[in-house]
Amino acid sequence: MNLLKATSLSHAFEYPLFKDISLELNSQESMAIIGVSGSGKSTLMHILSSMLVPNEGSVELFGQDIYQLNEKEMVRLRRHDLGLIYQSHYLFKGFSGYENLEVAALMANETIDDALLRSLGIDKVCHQKVTELSGGQQQRVSIARVLSKKPRLIFADEPTGNLDHATAQEVMNIFFNYLKEHNAGMILVTHDESLASQCKYIYRMHDGILTKVQ
Ligand SMILES: Nc1ncnc2c1ncn2[C@@H]1O[C@H](COP(=O)(O)OP(=O)(O)O)[C@@H](O)[C@H]1O
Ligand SMILES: [Mg+2]
1457 MNLLKATSLS HAFEYPLFKD ISLELNSQES MAIIGVSGSG KSTLMHILSS
1507 MLVPNEGSVE LFGQDIYQLN EKEMVRLRRH DLGLIYQSHY LFKGFSGYEN
1557 LEVAALMANE TIDDALLRSL GIDKVCHQKV TELSGGQQQR VSIARVLSKK
1607 PRLIFADEPT GNLDHATAQE VMNIFFNYLK EHNAGMILVT HDESLASQCK
1657 YIYRMHDGIL TKVQ
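Mapping the sequence shown onto the numbering used here, position 92 (from 1) lands on 1548, and the numbers just tick up by one.
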């Protein structure tokens, strides 16, 4: 099933960032986007995940042109179907990790998966305040929070940036299992070529052009 179809995306801030980018992703597929810092990877992710309107081009998610949706449909799509994982975690700082998960699960009408917390190694520490957790622990709580929503499409922008290589690999395994179990898809921005190479497709952003390299 087609999850994402982007056609002829172009975007500029002060100067043109990229032009004529088209891509597609189906269920159970993963795509890595690589490229040097400042090449526009995060901007592309914001456009694909409905958070930024491109200067040109269209984005279809689950077969629907997202710019045809009304506000209510857009909120529903973001709340239930899209899982956004960014470098900074956006956890509620006054809460415990677990309370953050409860809020996310409640909003998406889902339940917290204890096995997921164990597999991320945060089943015990998540009861502490967010501010007491290390950067890597916060990152894993934010990954658990997003997966607790049971999204059909995951956008992960450097999701393992704060983790050592072994932990990053474990997190990637959790993502890949999730895609299989939930028939979902993932677009991943990473600097780590060994993680990128585990995705079905790899695209490189360079000089405003996105080229398929795997
Ligand atoms: N909201 C914005 N307003 C103006 N310029 C921006 C904005 N977001 C990103 N940029 C610029 O666009 C370029 C690409 O940024 P980004 O997409 O974050 O690249 P990457 O994720 O590949 O490092 C950078 O030069 C950045 O300063
Ligand atoms: Mg970035």
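Backbone N, C-alpha and C define an ideal beta-carbon position, used for all residues, glycine too.
Would you grab the beta carbon distance between residue i and residue j for me? Rounded to a whole angstrom, and I think it's under 8 Å.
| i | j | result |
| --- | --- | --- |
| I1489 | L1473 | The pair is not a contact, with the Cβ atoms about 14 Å apart (cut-off 8 Å). |
| P1607 | A1640 | 6 Å |
| I1665 | V1627 | I1665 to V1627, Cβ: 30 Å. No contact. |
| L1525 | I1643 | 20 Å between Cβ atoms; not a contact. |
| G1591 | N1633 | With a Cβ gap of about 24 Å, G1591 and N1633 do not count as contacting. |
What residues match up with residue i in a beta bridge as DSSP calls it?
| i | result |
| --- | --- |
| P1472 | A1468 |
| Q1543 | Q1543 pairs with nothing; no bridge assigned. |
| T1446 | With the chain covering only 1457 through 1670, there is no way to say anything about residue 1446. |
| Q1487 | Inspection of the sequence shows that residue 1487 is occupied by Met rather than by Gln. BP columns for M1487 point to I1643, Y1657. |
| N1458 | N1482 |
On a CA-only basis, which of the options is nearest residue i? Give me that one, please.
| i | options | result |
| --- | --- | --- |
| L1635 | V1509, K1475, M1530, L1609 | L1609 |
| K1585 | D1620, L1562, V1645, F1551 | F1551 |
| G1496 | I1541, F1469, A1462 | F1469 |
| T1616 | I1541, V1559, G1577, L1603 | I1541 |
| L1576 | N1565, Q1520, N1629 | N1629 |
| L1539 | A1612, S1483, L1557 | Checking the sequence, you will find Gly at residue 1539 rather than Leu. The candidate whose alpha carbon is nearest that of G1539 is A1612. |
| V1559 | F1518, S1604, Q1520 | S1604 |
Could you check whether the Cβ of residue i sits closer than 8 Å to any Cβ belonging to chain B?
| i | result |
| --- | --- |
| Q1670 | Considering every chain present, this structure includes no chain B. It has just one protein chain. |
May I ask you to check if the CB of residue i is nearer than 7 Å to at least one heavy atom of ligand 2?
| i | result |
| --- | --- |
| D1663 | no |
| V1645 | yes |
Rounded to the nearest angstrom, what separates residue i and residue j at their Cα positions?
| i | j | result |
| --- | --- | --- |
| I1503 | E1512 | 11 Å |
| G1494 | Y1546 | 22 Å |
| D1579 | L1573 | 5 Å |
| D1537 | M1661 | 26 Å |
| T1567 | C1582 | 16 Å |
| V1515 | L1533 | 13 Å |
| E1614 | D1569 | 23 Å |
| Q1594 | D1648 | 20 Å |
| F1548 | M1507 | 20 Å |
| Y1659 | A1561 | 32 Å |
| E1529 | K1668 | 32 Å |
Any heavy atom of ligand 1 closer than 7 Å to the CB of residue i?
| i | result |
| --- | --- |
| F1611 | no |
Measuring from each Cβ to the nearest heavy atom of ligand 3, keep the ones under 6 Å and list them in chain order.
-> Ligand 3 is not among the ligands present in this structure, which contains only ligand 1 and ligand 2.
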